[in-house]
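Have a look at the structure below before the remarks.
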Amino acid sequence: MRGQGGRYLERRRAVAPERLKTTIQRAFKLSAATTAEWTTEFMISLSRVTETPGEGCT
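Residue numbers (our numbering): 6 to 63.
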C-alpha cells in the first residue's frame, strides 16, 4: 500500500504546481510573479514534509 501511495503522490506532484499557482493567485489576488514565488516555497516545504522517513500518512 505504501509503494502505491508513493506513485500516486508523484503523479499528483506533476499536476500540483500549476493548479496551486492558479488557486493561490485567485485566493489572494496576487501577481503572477508573487504567485510563482509562493508556489515554489510551498512545494519545497511540502517536499520536506513528505520525504521524512518513518513519518506521515501510510
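From the three backbone atoms N, C-alpha and C, an ideal C-beta is built for every residue, glycine too.
Fill in: Per-residue burial, threonine 44 [other beta carbons within 10 Å of its own, 16 or more giving buried]
Walking along the sequence shown from the start, residue 44 turns up at place 39. Threonine 44 comes out buried.
Item to complete: Reducing DSSP to helix, strand and coil, say where methionine 6 ends up.
Response: For the purposes of this step, residue 6 is identified with residue 1 of the sequence shown, where counting begins at 1. The pLDDT assigned to methionine 6 is 44, lower than 50, so where the model puts this residue is not dependable, and the model offers no usable value.
Item to complete: Using the Cα positions of glutamine 30 and arginine 53, report the straight-line distance between them to the nearest angstrom.
Response: Numbered from its first residue, the sequence shown carries residue 30 at position 25. Numbered from its first residue, the sequence shown carries residue 53 at position 48. Rounded to whole angstroms, glutamine 30 and arginine 53 show a C-alpha spacing of 23 Å.
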